[in-house]
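So for the sequence shown, the UniProt record's numbering puts the first residue at 1; every next one is plus one. Ideal Cβ placement from N, Cα and C applies to all residues, glycine included.
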Amino acid sequence: MRTATTIEGSGGSWQELVEYVVEAEKLGLDICWVAEAWGSDAPSPLGYLAARTDRMLLGSGVMQVGTRTPVGIAQAAITLSQLSQGRFLLGLGSSGPQVIEGLHGVPFARPLARMRETVEVIHRVLAGEKISFEGRHVAIPLPGGEGKPMRLSTRAEHEIPIYLATLSPAMLTLTGEIADGWLGTSFVPEGAADAYFAHLDAGLAEAGRSRAELDICQGAEVAFADDEDDLREMLGERKKKLAFSLGGMGSAKTNFYYNAYGRQGWADTAAEIRQLWQSGDRDGAAELVTDEMVLGTTLIGTRDMVRDRLRVWRDAGVDTVRFYPAGDSLEDRLDTLANAIELARGLD
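This is how it looks when you write it as structure tokens:
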């Protein structure tokens, strides 16, 4: 099982984040993903990290489709691949209407078609083709304009795997059909066969591919409890975060995290949590989050509990585990990460 982590620059110290990544590489971490969300962009720090690391893979986790043109995404991917000497992974996601429409002013409608068209254009750019494309969202050259089809003056010198961050059934099917990897979240291995893998496998079958051709990269917080009292305190702290994911992420109508939890057996509880959160009762929403919901979607527990949980993830089909290590300081987070990497290696 490969190991990964994700960083995001949202009000923290970039110097500390860079130190975290550099030290994580020394620990043997395989991949570092850089998130975008509604904070910093992904390509800028990835370029800097390419110069500060030597071995680990670096990925955009994720660049948001719709906020850049497909060719602009491909240009950034080629540049980052060459700066890192072939260590770049292109992770893409549709985000949600609150970020895409509320922050960027770009229509969110039909994200499935937008994702498919974007990836198709990127593949053509990476292949060195002149770009002529007409879809529902993407039209190159601009119809009625003065432009003619062009190709980039630079070439992709290395393979650039494309990962999609998806949660809905249709998007999961698309991932199986056209992507090299899946960046998942809200993952419960016990319910993953129906909630996730059935849709991924349908897409793989459509493309005539096997599961071995898709890197299943799943992420979760990892934290080690000394005993049951310590674990109980950890669970309490994380229930409000989960309540926010279910009630506060996305928009009032569209929340992919909420839908994912519903498909994994918590539909009624998730609905109650969402209703309380959106009514302003944040504490009440957090109180409805169960221990099972937190433990089912994280890697939190004693060392033995985390080891057993990693084994369950691996047996469920996870190829790469993406750690979000807990800790109050850089030293604490690196210590947590080191222990998690050791446990993941031990499974092999």
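Which same chain residues, not among the five before or five after residue i, have their C-beta less than 8 Å away from its C-beta?
{"i": "M171", "result": "S94, P111, L112, M115, L164"}
{"i": "L174", "result": "L112, M115, R116, L164, T166, G203"}
{"i": "V294", "result": "L235, R238, K239, L242, I300"}
{"i": "residue 372", "result": "Here the chain covers residues 1 to 348 and nothing more, so residue 372 does not appear."}
{"i": "E206", "result": "T173, G176, E177"}
{"i": "L17", "result": "I7, G9, P45"}
{"i": "D348", "result": "M1"}
{"i": "D227", "result": "T302"}
{"i": "A24", "result": "T5, C32, M56, L334, L337"}
For the alpha helix (DSSP H) containing residue i, name the first residue and the last one.
{"i": "D230", "result": "228-247"}
{"i": "L310", "result": "303-316"}
{"i": "D54", "result": "Careful: D54 lies outside any alpha helix (DSSP H) and carries neither H nor E."}
{"i": "R14", "result": "For the record, residue 14 in the displayed sequence is Trp; it is not Arg. W14 -> alpha helix (DSSP H) spans 14-27."}
{"i": "W277", "result": "267-278"}
{"i": "V294", "result": "291-297"}
{"i": "G145", "result": "It is not in any alpha helix (DSSP H) - G145 carries neither H nor E in the DSSP assignment."}
{"i": "L204", "result": "198-206"}
{"i": "E287", "result": "282-288"}
Could you tell me which residues DSSP puts in a beta bridge with residue i?
{"i": "W33", "result": "T6, G59"}
{"i": "R133", "result": "With the sequence shown as reference, residue 133 is identified as Phe, and Arg is not the correct amino acid for it. DSSP output for F133 lists I140 as bridge partner(s)."}
{"i": "G219", "result": "R322"}
{"i": "A165", "result": "G93"}
{"i": "M150", "result": "I131"}
{"i": "F224", "result": "G301"}
{"i": "Q64", "result": "G93"}
How far does the beta strand (DSSP E) with residue i in it reach, from first residue to last?
{"i": "I341", "result": "That residue, I341, is in no beta strand (DSSP E); its alpha helix (DSSP H) goes 330-347."}
{"i": "D182", "result": "Note on identity: in this sequence residue 182 is Trp, with Asp being the wrong assignment. Per DSSP, W182 belongs to the beta strand (DSSP E) from 181-184."}
Tell me which residues share the same chain as residue i and place their Cβ nearer than 6 Å to its Cβ, disregarding the 5 neighbours each side in the sequence.
{"i": "V318", "result": "I216, Q218"}
{"i": "A260", "result": "L167, S186"}
{"i": "D291", "result": "L235"}
{"i": "P169", "result": "H199"}
{"i": "W278", "result": "The sequence shown places Gln at residue 278, rather than the Trp named in the question. If we look at Q278 and ignore the five residues flanking it on each side, its Cβ neighbours are G247."}
{"i": "A220", "result": "T298, L299"}
{"i": "G147", "result": "P141"}
{"i": "R309", "result": "L299"}
{"i": "T118", "result": "V65, P70"}
{"i": "A340", "result": "V222, F323"}
{"i": "V312", "result": "P189"}
{"i": "G184", "result": "Q218"}
{"i": "S13", "result": "none"}
{"i": "G284", "result": "L276"}
The ligand FAD and residue i: does any heavy atom of the ligand fall closer than 7 Å to the residue's C-beta?
{"i": "E213", "result": "The ligand FAD is absent from the structure shown, which contains no ligand whatsoever."}
Check whether the Cβ of residue i lies closer than 8 Å to any Cβ atom in chain B.
{"i": "G219", "result": "You won't find chain B in this structure, because it holds only one protein chain."}
Spatial neighbours of residue i within its chain, please: CB distance less than 7 Å, with the 5 preceding and 5 following residues excluded, ordered by chain position.
{"i": "S210", "result": "L204"}
{"i": "E36", "result": "A42, V62, M63, Q64"}
{"i": "K130", "result": "P149, M150, R151"}
Just list the beta strand (DSSP E) runs in the stretch 84-115, keeping only unbroken ones of 3 residues or longer that don't cross its boundaries, in chain order. 88-93
Counting Cβ pairs, one atom from each stretch, are 3 or more of them under 8 Å apart for the stretch 155-164 and the stretch 185-200? no
Does the pairing of the stretch 54-67 with the stretch 23-41 give three or more beta-carbon distances under 8 Å? yes
Hey, is the stretch 72-88 in contact with the stretch 147-158, meaning 3+ C-beta pairs nearer than 8 Å? yes
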